[in-house]
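Trainee:
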Ligand SMILES: Cc1cc2nc3c(=O)[nH]c(=O)nc-3n(C[C@H](O)[C@H](O)[C@H](O)COP(=O)(O)O)c2cc1C
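In the numbering used here, the protein residues as written are 19 to 179.
(1) Work out the CA separation of residue 59 and residue 90 for me, nearest whole Å.
(2) Can you give the Cα-Cα distance for residue 63 and residue 19, rounded to whole angstroms?
(3) Counting along the chain, where does the beta strand (DSSP E) carrying residue 25 start and finish?
(4) Could you check if residue 104 belongs to the surroundings of ligand 1, using beta carbon to heavy atom distance under 7 Å?
(5) Roughly how many whole angstroms lie between the Cα atoms of residue 171 and residue 41?
(6) Express the C-alpha separation of residue 88 and residue 144 in angstroms, rounding to a whole number.
(7) Quick check for students: name the residue ranges of the beta strand (DSSP E) that lie wholly in the region 75-116, counting only runs of 3 or more.
(8) Rounded to whole angstroms, what's the CA-CA distance from residue 136 to residue 69? Just pull it up for me.
(9) With a threshold of 7 Å, establish whether the CB of residue 33 neighbours any heavy atom of ligand 1.
(10) Report all residues from its chain with a CB closer than 8 Å to the CB of residue 130; omit the five preceding and five following residues, and keep chain order.
(11) Answer with buried or exposed for residue 106, where buried requires no fewer than 16 other C-beta atoms within 10 angstroms of its C-beta.
(12) Can you tell me the Cα-Cα spacing of residue 22 and residue 67, whole angstroms?
(13) Pick from 93, 82 and 53: whose alpha carbon is nearest that of residue 75?
(14) DSSP on residue 132, reduced to helix/strand/coil?
(15) Taking 8 Å as the cut-off, decide whether the C-beta atoms of residue 122 and residue 138 are in contact.
(16) So residue 159 is in the alpha helix (DSSP H); what residue range does that whole segment cover?
(17) What residues match up with residue 48 in a beta bridge as DSSP calls it?
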């Protein structure tokens, strides 16, 4: 099984979960970086507005080719109850994703809101089947059992047709 782990992270929480998945599953670890926010103030004002509207940020890398992967993992921080504009852009930037499986996750302080609903809808619009959804709040991020449950779901997705 080959996995592409695609994530955005403003303050490191989503990165730490993505890195734990990468350590367990291998594959490509792809950090998506927004070119939009120069400060925490702009993240909370412009970023939350853009997230709440489901907008896409300009990102690096501009395209994400997952042709060689069996399973796509997508992780987003929650901003204003939604996925980040960088992750919205990452889903739009996927290449070779049609027919693949995905596990999606979000990290948040205490309320995942509609973040995964929106990511799921967007990836399904790209021809991807979402087989697992996980939300990690500030306690869950530090809980190895919760992270291992997601890793098990990712591995299962790579071994079943
Ligand atoms: C701009 C901004 C908006 C946020 N909005 C929410 C929110 O609506 N609900 C919530 O539970 N946490 C919210 N948070 C907290 C983050 O979702 C949480 O700390 C997350 O784990 C951060 O991931 P990261 O460290 O990978 O950036 C927000 C954080 C930022 C910076």
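Ideal Cβ positions, reconstructed from N, Cα and C, are used throughout, including at glycine. Since this is a predicted model, take the numbers as computed values, not measurements.
Mentor: On the basis of the supplied data:
(1) Approximately 32 Å between the Cα atoms of the pair.
(2) So the alpha carbons of these two residues sit roughly 40 Å apart.
(3) From DSSP, the beta strand (DSSP E) with residue 25 extends over 21-25.
(4) No, since every heavy atom of ligand 1 falls outside the 7 Å radius drawn around the Cβ of residue 104.
(5) C-alpha separation (whole angstroms): 15 Å.
(6) In this structure, the CA atom of residue 144 is about 15 Å from the CA atom of residue 88.
(7) Runs of the beta strand (DSSP E) inside the region 75-116: 89-97.
(8) One C-alpha to the other measures close to 10 Å.
(9) When distances are taken from the beta-carbon of residue 33 to the heavy atoms of ligand 1, the shortest one is below 7 Å.
(10) Taken in chain order, the residues that qualify are 96, 99, 124, 153 and 155.
(11) The residue is buried, with at least 16 neighbouring Cβ atoms inside 10 Å.
(12) Straight through space, the alpha carbons of residue 67 and residue 22 are spaced by roughly 29 Å.
(13) The shortest CA-to-CA distance from residue 75 to any of 93, 82 and 53 is the one to 53.
(14) Here residue 132 carries a coil assignment [DSSP, helix/strand/coil].
(15) In contact: residue 122 and residue 138 (Cβ atoms closer than 8 Å).
(16) Per DSSP, residue 159 is not a residue of any alpha helix (DSSP H), being assigned neither H nor E.
(17) Paired residues: 24.
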